[in-house]
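Structure record follows, encoded as structure tokens.
Protein chains: 2
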Amino acid sequence: MQPSRAATRAGRPRDSQIDVALLDATLAVLDESGYGRLTLEEVARRAGTTKPAIYRRWPTRQHLVLAALARRLGEVTVPDTGCTMCDLNEGISVFVAAFRRMPPDVLGPLLADCATRDELRADFMTMLFDPPRAAVERMLTSAIARGDLREDVELDLTLDLLGSLVHYRVLFGHAPISDAEIERAVETLLRGIATDYPRLLEHSREQSGDSATHQLHT
Amino acid sequence: MQPSRAATRAGRPRDSQIDVALLDATLAVLDESGYGRLTLEEVARRAGTTKPAIYRRWPTRQHLVLAALARRLGEVTVPDTGCTMCDLNEGISVFVAAFRRMPPDVLGPLLADCATRDELRADFMTMLFDPPRAAVERMLTSAIARGDLREDVELDLTLDLLGSLVHYRVLFGHAPISDAEIERAVETLLRGIATDYPRLLEHSREQSGDSATHQLHT
DNA sequence: ATAACATTACGTGTCGTAACGTAATTTATA
DNA sequence: TATAAATTACGTTACGACACGTAATGTTAT
Numbered sequence: 150m151q152p153s154r155a156a157t158r159a160g161r162p163r164d165s166q167i168d169v170a171l172l173d174a175t176l177a178v179l180d181e182s183g184y185g186r187l188t189l190e191e192v193a194r195r196a197g198t199t200k201p202a203i204y205r206r207w208p209t210r211q212h213l214v215l216a217a218l219a220r221r222l223g224e225v226t227v228p229d230t231g232c233t234m235c236d237l238n239e240g241i242s243v244f245v246a247a248f249r250r251m252p253p254d255v256l257g258p259l260l261a262d263c264a265t266r267d268e269l270r271a272d273f274m275t276m277l278f279d280p281p282r283a284a285v286e287r288m289l290t291s292a293i294a295r296g297d298l299r300e301d302v303e304l305d306l307t308l309d310l311l312g313s314l315v316h317y318r319v320l321f322g323h324a325p326i327s328d329a330e331i332e333r334a335v336e337t338l339l340r341g342i343a344t345d346y347p348r349l350l351e352h353s354r355e356q357s358g359d360s361a362t363h364q365l366h367t
Numbered sequence: 150m151q152p153s154r155a156a157t158r159a160g161r162p163r164d165s166q167i168d169v170a171l172l173d174a175t176l177a178v179l180d181e182s183g184y185g186r187l188t189l190e191e192v193a194r195r196a197g198t199t200k201p202a203i204y205r206r207w208p209t210r211q212h213l214v215l216a217a218l219a220r221r222l223g224e225v226t227v228p229d230t231g232c233t234m235c236d237l238n239e240g241i242s243v244f245v246a247a248f249r250r251m252p253p254d255v256l257g258p259l260l261a262d263c264a265t266r267d268e269l270r271a272d273f274m275t276m277l278f279d280p281p282r283a284a285v286e287r288m289l290t291s292a293i294a295r296g297d298l299r300e301d302v303e304l305d306l307t308l309d310l311l312g313s314l315v316h317y318r319v320l321f322g323h324a325p326i327s328d329a330e331i332e333r334a335v336e337t338l339l340r341g342i343a344t345d346y347p348r349l350l351e352h353s354r355e356q357s358g359d360s361a362t363h364q365l366h367t
């Protein structure tokens, strides 16, 4: 419980250039080789340093990769236009876009590798999954406040229905989820949880002005 | 392209008792240690044999574990009572039950380990994921034929919406999916894809005779 | 005095495979 | 039909390869 003194430890300070060099090298190796073939020596070699420098910063390979991916994920923003259907379509795109920034053959193996240790699994969720999920949750809450969705909608279940579809396509099928499929899924779900689906549909048409959208089902 | 001659190869035949001993030992080790800590020597030791006996039968550890899990999965049956809502609730339970038979900390790592090689990924899907999915697909097809679901329902998308929820809960959250959540999800989806949701709900009540079911939303 | 740095090296564990002699079964030959 | 040859699985043992995580050492920066 030391004050801010702990921030400036004695001795030679860390070289922050090595931090970013290691994270960048990790991302490069992940892109090329995937998580399974990532070796710490290769990461260190590309960063122009060596293994001990890695272990000084992150206790395990999982922590290193988590930090690298979180760096790439960046911040997640969320639309709030007042048009529930538009927002949800956009919101799912937030999910999809977030995972498109992740190299394939990385997320699944990393999660699997983190699943055994509870603390690591929590870190994985906090750093990679919760941000986009929380963004969609904010959209749903706004929609409920507007009266667009039934008040007894179960937030967690709806979030899982939306998010799990994306995760499923990312982790299981290599089939990328298309924008059309996102719209279909949102339409189906909205029929189930909206107070007045036709009104939302109409509102969406006015808002977007794009007459080609949302006309598949009437 | 030899006839049935190839079935009976020359030389000493495989000892089928070793086959089952190895598969059982694999399941035992998976239950205790999970996929990550499974070593082939431990499997061989418990089966009363040695590593080469494994490699004579399965080319990789992944194939061995796939065969062991498929053995436990067994056959997947499907209800067809004519009550769409009942069948779907039952059908999702098929998914859930199938995965309940799988030890935790196994499916995710195994999938991750199979994800890099396309042939292995296909085997994983064929042996573990497609059977329950196909069962639910048959139910949906029946429901469409009965006129309970809209004809333009996208089968694959609906299947993914149903199945991905289960996968999500199994692989990501360690929270087991409850029967109540299954019912909620089915209700939400049916509102979106049914031709006449109130009629399905009424039919379900008559069929089940259980007045406590499906009364959460009216 | 302290701690990060680069370098080097070590012990460990598991992998996948390769020997080797033995046992069991099919195929060819006497 | 009997016997030999060929073939393949079996257990045992051992090996090289690889990456892990850590430790030791001397140097450099605070």
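Residue numbers (our numbering), protein chains in the order written: chain A, 150 to 367; chain B, 150 to 367.
All residues carry an ideal CB built from backbone N, CA and C; glycine is no exception.
This one's a predicted model, so the numbers in the text were calculated from it and none came from an experiment.
Would you kindly work out how many angstroms separate the C-alpha atoms of residue i and residue j, rounded to a whole number?
| i | j | result |
| --- | --- | --- |
| residue 317/A | residue 256/A | 12 Å |
| residue 320/B | residue 233/B | 28 Å |
| residue 357/A | residue 246/B | 43 Å |
| residue 306/B | residue 350/B | 23 Å |
| residue 216/B | residue 258/B | 15 Å |
| residue 260/A | residue 315/A | 15 Å |
| residue 288/A | residue 282/A | 10 Å |
| residue 249/A | residue 277/A | 12 Å |
| residue 161/A | residue 254/A | 38 Å |
| residue 331/A | residue 333/B | 21 Å |
| residue 362/A | residue 336/A | Below a pLDDT of 50, predicted positions are generally treated as unreliable, and residue 362/A, at 47, falls in that range; no measurement from the model is reported. |
| residue 110/B | residue 309/B | The requested residue 110/B does not occur in the structure, where chain B is confined to residues 150 to 367. |
| residue 313/B | residue 313/A | 5 Å |
| residue 236/B | residue 284/B | 11 Å |
| residue 151/A | residue 225/A | Caution applies to residue 151/A, whose pLDDT of 33 falls short of 50 and renders its modelled position unreliable; the value that the coordinates give is listed next. Cα-Cα distance, rounded: 34 Å. |
| residue 190/A | residue 177/B | 35 Å |
| residue 209/B | residue 227/B | 33 Å |
| residue 197/A | residue 220/A | 20 Å |
| residue 229/A | residue 300/A | 19 Å |
| residue 241/A | residue 222/A | 16 Å |
| residue 344/B | residue 275/A | 40 Å |
| residue 296/B | residue 352/B | 14 Å |
| residue 195/A | residue 163/A | 18 Å |
| residue 218/A | residue 193/A | 17 Å |
| residue 171/A | residue 243/A | 28 Å |
| residue 165/A | residue 182/B | 39 Å |
| residue 214/B | residue 252/B | 12 Å |
| residue 266/A | residue 185/B | 11 Å |
| residue 175/A | residue 206/B | 37 Å |
| residue 159/B | residue 280/B | 35 Å |
| residue 340/A | residue 203/B | 52 Å |
| residue 290/A | residue 298/A | 9 Å |
| residue 154/B | residue 199/A | Note that residue 154/B scores 38 on pLDDT, short of 50, meaning its location in the model is unreliable; the coordinates nonetheless yield the value given after this. Each residue's alpha carbon lies about 58 Å from the other. |
| residue 368/B | residue 328/A | As shown, chain B starts at 150 and ends at 367. That puts residue 368/B outside it, with no answer to give. |
| residue 231/A | residue 311/A | 19 Å |
| residue 304/B | residue 169/B | 38 Å |
Can you give me the start and stop residues for the alpha helix (DSSP H) that residue i sits inside?
| i | result |
| --- | --- |
| residue 311/B | 304 to 320 |
| residue 273/A | 267 to 273 |
Tell me the DSSP bridge mates of residue i?
| i | result |
| --- | --- |
| residue 343/B | 298/B |
Between residue i and the ligand GTP, is the CB less than 7 Å from at least one heavy atom?
| i | result |
| --- | --- |
| residue 187/B | Although the ligand GTP was asked about, the structure shown includes no ligands whatsoever. |
At which residue ranges does the segment 216 to 256 of chain A contain complete alpha helix (DSSP H) runs of 4 or more residues, listed in the order of the chain?
-> Given a length threshold of 4 residues, each whole run of the alpha helix (DSSP H) inside the segment 216 to 256 of chain A is given here in chain order: 233 to 249.
Output the residue ranges of the alpha helix (DSSP H) runs that lie fully inside the segment 154 to 214 of chain B and measure 4 residues or longer, sorted by chain position.
-> 165 to 182, 189 to 196, 200 to 206
Below 8 Å between beta carbons is the criterion; list the residues of the segment 333 to 357 of chain A that meet it against any residue of chain B, in chain order.
-> Result list: 333, 334, 336, 337, 338, 339, 340, 341, 342.
Cβ-based contacts, 8 Å cut-off: residues of the segment 301 to 319 of chain B near chain A | From the segment 301 to 319 of chain B, only 301, 303, 306, 307, 309, 310, 312, 313, 314, 316, 317, 318 have a Cβ closer than 8 Å to chain A.
Which of the residues in the segment 200 to 220 of chain B, read from start to end, lie with their CB under 9 Å from any CB of chain A?
-> Residues of the segment 200 to 220 of chain B that bring their beta carbon within less than 9 Å of a beta carbon in chain A are absent altogether.
Could you run through the segment 180 to 192 of chain A and flag, in chain order, every residue whose CB is less than 9 Å away from some CB of chain B?
-> 183, 184, 185, 186
Taking Cβ-Cβ distances below 7 Å as the criterion, which residues of the segment 246 to 274 of chain A are in contact with chain B?
-> 254, 257, 258, 260, 261, 264, 265
For the segment 230 to 242 of chain B, enumerate the residues whose C-beta is nearer than 8 Å to any C-beta of chain A, in chain order.
-> Within the segment 230 to 242 of chain B, not one residue has a Cβ closer than 8 Å to any Cβ of chain A.
Could you name the residues of the segment 279 to 302 of chain B whose beta carbon sits closer than 8 Å to any beta carbon of chain A, in the order they occur along the chain?
-> 301
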